[in-house]
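Comments concern the structure below.
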Amino acid sequence: MGKRGPQPLGYESELRTTLPVEVGDALDLMVRLGGISKATIVRTALIDHLTTLGVLFPEVAQTLRPTKTRGRLSSDRSPQKDDR
Numbered sequence: 049m050g051k052r053g054p055q056p057l058g059y060e061s062e063l064r065t066t067l068p069v070e071v072g073d074a075l076d077l078m079v080r081l082g083g084i085s086k087a088t089i090v091r092t093a094l095i096d097h098l099t100t101l102g103v104l105f106p107e108v109a110q111t112l113r114p115t116k117t118r119g120r121l122s123s124d125r126s127p128q129k130d131d132r
């Protein structure tokens, strides 16, 4: 796994999870089309869902700052190791 960049100000919790391949592919496509990082897409979706459920104040969404994509996407990585 690559080195992670600095976290946006005020973000102190980290969430690591696995996804079905189809979801990962869909996220990769959104990153390619929009140029916004996967982290921003996931944060936005989670905040929207929690706000809709009424367990998070809508003002929290206003604190979200989009980040640009960097590095390679998971779909760019070869499933086989390079022969060196």
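Per our numbering, residue 49 is the first one in the sequence shown, and the count goes up by one each step.
Cβ atoms here follow ideal geometry from the backbone N, Cα and C, with glycine treated the same way.
Model, not experiment: these values are computed from the prediction.
- In the DSSP assignment, alanine 93 falls within the alpha helix (DSSP H) that extends over 86 to 100.
- In the DSSP annotation of this structure, the continuous segment of the alpha helix (DSSP H) that includes leucine 75 starts and ends at 69 to 82.
- Close CB contacts of lysine 116 within its chain, under the 8 Å cut and outside five residues either way in sequence, are with Gly83, Ile84, Ser85 (chain order).
- With 16 or more neighbouring CB atoms inside 10 Å of its own CB, threonine 88 falls in the buried class.
- Here leucine 75 is buried. Its C-beta has 16 or more other C-beta atoms within 10 Å.
- Apart from sequence neighbours up to five positions away, the residues of its chain that approach proline 114 with a beta-carbon distance below 6 Å are Ile84, Thr88, ordered along the chain.
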